[in-house]
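Residue 179 in the UniProt record's numbering sits at position 179 of the sequence shown, with consecutive numbering throughout. Heads up, the thing below is written out as structure tokens.
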Amino acid sequence: MRQAMTGHDKTGQDQKGTGALAGALVGGRAACRWLVKASHQTHPAARGASDAVGDGDDDPGRVDDGDDAPPPRSAGVSVSLDHDFVTTSRQPPSHLATMAAPADKTTKNLSGKWVLNKELSDSAEPGLTIQGIGYLVRKGIGMATITIDVNQYEAPPKAPSTADGTFTHIDIEQSASGLSSTKEARCLDDLPRDHSDWLFGNVKGQSSWVSVEDITDEYLKKGWLAEGEGKTLVRSHVVSQDSGWTATQIWGFQDINGERRYCRNIVIAKDGQRAEFRFVYNYEG
């Protein structure tokens, strides 16, 4: 998964990110204790669930009663207990609300703010593991709210291209709660360009327009809505210069539960290992 992250001091950024992630993990654990307690008090069927949830510091066979206050509303936590018990959850934050893509949003006009919908998306953790991302960082990414601000425009190509005319550019600033924001700039002329960031290290990537017929990988080519003629999907391919993994993405729109959504089909691979997952986004304007 190349959600490319910028930054030149890898060690310093990792230390900052790990500290923020530790706080997020502790906050999430406290929220889980409160939610299980609320379920235990209000739903008789959930009283046996206290043996299934612990905070990791105390007796794993009981719920910590040391703090009766609910977690902050910003936590937006949802806990699903074993299927034999009831499910207790809080109202999700606004970024998880249903926000299908407007009709005027196409791959030719992705500009705007998009938020990763964790409920509809697959977990990226198998891919991050192949990419060598550490445990704490993987868990933090899994818990974070991930927002991308997209600016798409036509302009002359960037180096090393010397071609005349204009090409599509897609500049993205990505923010994840508790982690450093990142930037990535793509020129859809299919020329390889170097990039370096604190999360994935040194990579070489290229992007281009493709049609479904151009895609040979069965996972990457499935699910796309036919929107217009010709090459209407975006392909991004990245090779790690440090570790040798590859990340290939196809961007476009899919029908998700009867709603048109901006999606990315992603494949991460290295030495015979392979992870497939789909990202589904909410449009936020």
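Think of the CB as a built atom: it goes at the ideal place given N, C-alpha and C, for glycine as much as any other residue. Here the structure is a predicted model, which means the values were calculated and not measured.
In its own chain, which residues sit with a C-beta less than 6 Å from the C-beta of residue i, not counting the 5 before and 5 after it?
| i | result |
| --- | --- |
| A163 | P157 |
Starting from residue i, trace the beta strand (DSSP E) in both directions and tell me its first and last residue.
| i | result |
| --- | --- |
| K113 | G112 to L116 |
| L188 | Where L188 is concerned, there is no enclosing beta strand (DSSP E), given that its DSSP letter is neither H nor E. |
| G201 | G201 to V210 |
| G252 | T246 to I256 |
| K270 | E259 to K270 |
Would you give the residue range spanned by the alpha helix (DSSP H) that residue i belongs to?
| i | result |
| --- | --- |
| G127 | E125 to I130 |
| I133 | No alpha helix (DSSP H) holds I133; DSSP gives it neither H nor E. |
Going by the CB atoms, is the gap between residue j and residue i shorter than 8 Å?
| i | j | result |
| --- | --- | --- |
| S207 | L233 | no |
| L220 | N282 | no |
| S236 | R186 | yes |
| W224 | G178 | no |
| S111 | Q152 | yes |
| T106 | E284 | no |
Just to confirm my understanding: we take residue i, look at its own chain, exclude 5 residues before and 5 after, and list those with CB closer than 7 Å. What are they?
| i | result |
| --- | --- |
| S181 | E173, Q174 and S175 |
| L116 | I146, F279 and Y281 |
| L191 | P160, S161 and Q206 |
| A101 | F253, R260, R261, Y262 and Y283 |
| K113 | T147, D149, E284 and G285 |
Buried or exposed: residue i, going by 16 or more other Cβ atoms within 10 Å of its Cβ?
| i | result |
| --- | --- |
| G165 | exposed |
| Y262 | buried |
| D214 | exposed |
| D197 | buried |
| T216 | exposed |
| P92 | Residue confidence for P92 is low, a pLDDT of 44 falling below 50, so the modelled location carries little weight; the figure read from the coordinates is stated next. So P92 counts as exposed. |
| K222 | exposed |
| D82 | Per-residue confidence for D82 stands at a pLDDT of 35, beneath the threshold of 50, marking its modelled position as unreliable; the derived number appears in the next sentence. D82 is exposed by the Cβ-count criterion. |
| K118 | buried |
Whose C-beta lies closer than 8 Å to the C-beta of residue i among residues of the same chain, with five residues either side of it excluded?
| i | result |
| --- | --- |
| L120 | I256, N257, R261 and V280 |
Next on the checklist: For the structure I just gave you, are there three or more beta carbon pairs, one from the region 261-280 and one from the region 122-129, closer than 8 Å?
Outcome noted: yes
Next on the checklist: Taking 8 Å as the cut-off, does the region 140-153 touch the region 112-126 (at least 3 CB pairs, one atom from each stretch)?
Outcome noted: yes
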